[in-house]
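A.B. asks:
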Amino acid sequence: QVQLVESGGGLVQPGGSLRLSCAASGISFSRYALGWHRQAPGKQRELVADITTGGITNYVESVKGRFTISRDNVKNTVILQMNSLKPEDTAVYYCNAKRSAYKTFDYWGQGTQVTVSS
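The working numbering numbers the first residue of the sequence shown as 70 and each following residue consecutively.
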């Protein structure tokens with residue numbers, strides 16, 4: 070059974086930091102591209118950052134220079150370090166693991182709430 074379990078969300082003041090973690094089980098973790106997506110109320114889900122199996126990273130423009138995605142293929146975790154948080158970063162953040170082989174394998178976590186407010 071595949072599980073992606075996010076943790077680390079919460080309430081933080083503008084300018085603060087949070088570290089999101091996603092622990093995966095039931096998959097060959099190193100073979101998967103990993104991503105963090107977010108969905109704010111009334112908005113579509115958007116990709117925030119992703120990292121390939123080779124460690125190449127990609128970020129949405131609005132978080133460049135503030136967020137860092139990393140992966141640990143030993144601990145089967147993907148981390149999103151979020152610094153200089155802004156109110157517009159408020160959303161539910163979801164972890165995603167994806168792999169294309171003879172078919173596409175696409176798994177999601179349950180989400181963790183991040184609220185940036187004073």
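Heads up, the beta-carbon is just placed ideally off N, CA and C, and yes, glycines get one too. All values derive from a computational prediction rather than experimental measurement.
Report yes if the CB atom of Tyr188 is closer than 9 angstroms to the CB atom of Arg114, and no otherwise.
C.D. replies: There is no way to answer for residue 188, as the model of the chain reaches only from 70 to 187.
A.B. asks: With a threshold of 16 other CB atoms inside 10 Å of the CB of Thr126, please say whether the residue is buried or exposed.
C.D. replies: Result: exposed.
A.B. asks: Thinking C-beta only, is Ser131 closer than 9 angstroms to Glu157?
C.D. replies: Yes, the pair counts as a contact, with Cβ atoms nearer than the cut-off.
A.B. asks: Between the segment 97 to 106 and the segment 80 to 87, can you find at least three pairs of beta-carbon atoms closer than 8 angstroms?
C.D. replies: The segment 80 to 87, when compared against the segment 97 to 106, does not touch it at the 8 angstroms Cβ threshold.
A.B. asks: Does the distance from the CB of Gln72 to the CB of Ser94 come in under 9 angstroms?
C.D. replies: The answer is yes: Cβ separation under 9 angstroms.
A.B. asks: To the nearest whole angstrom, what separates the beta carbons of Val183 and Gly111, a pair I think is in contact under 8 angstroms?
C.D. replies: Not really, about 16 angstroms apart at Cβ, beyond 8 angstroms.
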